[in-house]
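Engineer: There's a structure below that I have some questions on.
Residue numbers (the working numbering): 9 to 345.
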């Protein structure tokens, strides 16, 4: 690699960029998962599960970093399964260019169903009219897309959260509908924010509140089990750790107060980042993550080439979550009792 002329490298990269991409929503393959990582056909990151009927849909970002690139993410993909073993690849469901006001970075996203339609909340880099990271919302009549911009503008922009000292604090949206029908969105990097959404799902309904738990870094995920609300997130104790882990907090209400419950699992293999996604499906709870343990061709895993994994999630009688050990076998073996 080191002996190649620069013009050869540029030519190779140009050819990669010019390769035709599948049409949005186009299914192209069936995959049998036998362990972790789940998918070996492409690099995937930031998993976000959604259960629709008897299928689980898993929305992921597509890592396309070449060589020493940090991140190169231009589209979101979705896979679905009825048994957690056989997965249907549905192709790209949306590209960052579909948000006309955005200029780059198809970062973490999550989809939610409400009133028979599917909304997709995604982090991108806004153009120079609102510099910095922003969160957009798209909509589809199908969980497999394609999704289209539902608002024509960002839902959340960098200037709406002025506390942060960096331009990428408005990332990693998680959306959750409470028992009373209200829907909430949480997001953030270094600071964690939460706000209620209006019934139209494309506007905030009230103030933005900060709920930052200890060692919060990014990647929040909201869910509820029994009487408890859970905020699970990528955590980083900068005084002790180099790579992100996963921690969580619980609350009696979506509006808190939130109580820190500790670390849930360690770092993803070879990966600085980690991103939790949680779902209950056909009697089991699952924790989706990513690491950088996958190699495809001559491309090793890296910060910008990650791979989605899954483990069983189990709870104690008091509602706390049992620590999760990340394994190569994943859910291909029954959970320990």
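Glycine is no exception: its CB is placed at the ideal position from the N, C-alpha and C atoms. If you're wondering where the values come from, they're calculated on a predicted model, not measured in any experiment.
1) Taking Cβ to Cβ, would you say residue 252 is nearer than 8 Å to residue 244?
2) For residue 276 versus residue 71, is the C-beta spacing smaller than 8 Å?
3) Which whole-angstrom value is the C-beta distance of residue 180 and residue 227, which I expect to be below 8 Å?
4) So residue 113 packs on residue 132, CB below 8 Å; how close in whole Å?
5) Is the shortest distance between the beta-carbon of residue 297 and the beta-carbons of chain B less than 8 Å?
6) Is residue 172 helix, strand or coil by DSSP?
7) Are residue 61 and residue 110 close, meaning C-beta to C-beta below 8 Å?
8) For residue 292, collect the residues of the same chain with a Cβ closer than 7 Å to its Cβ; drop the 5 residues on either side in sequence, then sort them by chain order.
9) Just list the residues that DSSP pairs residue 83 with in beta bridges.
10) Between residue 169 and residue 73, what straight-line distance do the alpha-carbon atoms span, to the nearest angstrom?
11) Using the three-state DSSP reduction, which class does residue 304 fall into: helix, strand or coil?
12) Is the number of C-beta pairs between the stretch 326-345 and the stretch 47-62 that are closer than 8 Å three or more?
13) Under the three-state reduction of DSSP, which class applies to residue 193: helix, strand or coil?
14) One question on the structure: do residue 331 and residue 295 come within less than 8 Å of each other, judged by their Cβ atoms?
15) Just how far apart, CA to CA, sit residue 221 and residue 261?
16) Alpha carbon to alpha carbon, how far is residue 336 from residue 172?
17) I'd like to confirm the pairing. Which residues does DSSP put opposite residue 137 in its beta bridges?
18) Have a look at residue 52 and residue 318 and give me their C-alpha separation to the nearest angstrom.
19) How long is the line joining the alpha carbons of residue 310 and residue 316, rounded to whole angstroms?
20) Among 205, 104 and 63, which residue has its Cα nearest to the Cα of residue 163?
21) Check whether the Cβ atoms of residue 54 and residue 283 lie closer than 8 Å to each other.
22) Taking 8 Å as the threshold (C-beta atoms), are residue 102 and residue 153 in contact?
Structural biologist: Considering the structure as presented:
1) Taking the chain shown and counting its residues from 1, one reaches residue 252 at position 244. Taking the chain shown and counting its residues from 1, one reaches residue 244 at position 236. Residue 252 places its beta carbon less than 8 Å from that of residue 244.
2) The count along the chain shown starts at 1 and reaches residue 276 at position 268. The count along the chain shown starts at 1 and reaches residue 71 at position 63. For residue 276 and residue 71, no; Cβs fall outside 8 Å.
3) By 1-based counting over the chain shown, the position of residue 180 is 172. By 1-based counting over the chain shown, the position of residue 227 is 219. Contact between residue 180 and residue 227 holds: their C-beta atoms lie close to 5 Å from each other, under 8 Å.
4) Numbered from 1 along the chain shown, position 105 holds the residue referred to as residue 113. Numbered from 1 along the chain shown, position 124 holds the residue referred to as residue 132. Going by Cβ atoms, the distance from residue 113 to residue 132 rounds to 5 Å, so yes, they are a contact pair.
5) The question asks about chain B, but that chain is absent: this structure has only one protein chain.
6) Translated into the one-based positions of the chain shown, residue 172 becomes position 164. Here residue 172 sits in coil by DSSP.
7) Within the chain shown, numbered from 1, the residue matching residue 61 stands at position 53. Within the chain shown, numbered from 1, the residue matching residue 110 stands at position 102. Cβ distance not < 8 Å, so residue 61 and residue 110 don't count as in contact.
8) For this step, residue 292 is matched to residue 284 along the chain shown. Cβ neighbours of residue 292 beyond the five flanking positions: 320.
9) Reading the chain shown from its first residue, position 75 is the one you call residue 83. Bridge partners of residue 83: 103.
10) To locate residue 169, count along the chain shown from 1; it is residue 161. To locate residue 73, count along the chain shown from 1; it is residue 65. Near 29 Å, if we compare the C-alpha coordinates of residue 73 and residue 169.
11) What you label residue 304 is simply residue 296 of the chain shown in a count that begins at 1. Correct three-state label for residue 304: strand.
12) Counting Cβ pairs under 8 Å, fewer than three are found: no touch.
13) For the purposes of this step, residue 193 is taken as the residue at position 185 of the chain shown. In the structure shown, residue 193 sits in a strand (DSSP, three-state: E or B).
14) Reading the chain shown from its first residue, position 323 is the one you call residue 331. Reading the chain shown from its first residue, position 287 is the one you call residue 295. Not a contact, by the Cβ cut-off of 8 Å.
15) Counted from its first residue, the chain shown places residue 221 at position 213. Counted from its first residue, the chain shown places residue 261 at position 253. The alpha-carbon atoms of residue 221 and residue 261 are separated by roughly 15 Å.
16) In the chain shown, counting from the first residue as 1, residue 336 sits at position 328. In the chain shown, counting from the first residue as 1, residue 172 sits at position 164. In a straight line, the C-alpha of residue 336 is about 37 Å away from that of residue 172.
17) Counting from one through the chain shown, the residue named residue 137 turns up at place 129. Beta-bridge pairing links residue 137 to no other residue.
18) To locate residue 52, count along the chain shown from 1; it is residue 44. To locate residue 318, count along the chain shown from 1; it is residue 310. Going from the Cα of residue 52 to the Cα of residue 318 covers about 13 Å.
19) Here the question's residue 310 lines up with position 302 in the chain shown. Here the question's residue 316 lines up with position 308 in the chain shown. Looking at the two C-alpha atoms, the distance is approximately 13 Å.
20) In the chain shown, residue 163 corresponds to position 155, counting from 1. Relative to residue 163, the option among 205, 104 and 63 whose CA is nearest is 205.
21) Here residue 54 is taken as the residue at index 46 of the chain shown, counted from 1. Here residue 283 is taken as the residue at index 275 of the chain shown, counted from 1. Yes, they are a contact pair.
22) For the purposes of this step, residue 153 is taken as the residue at position 145 of the chain shown. For the purposes of this step, residue 102 is taken as the residue at position 94 of the chain shown. Yes, Cβ-Cβ distance for residue 153 and residue 102 is below 8 Å.
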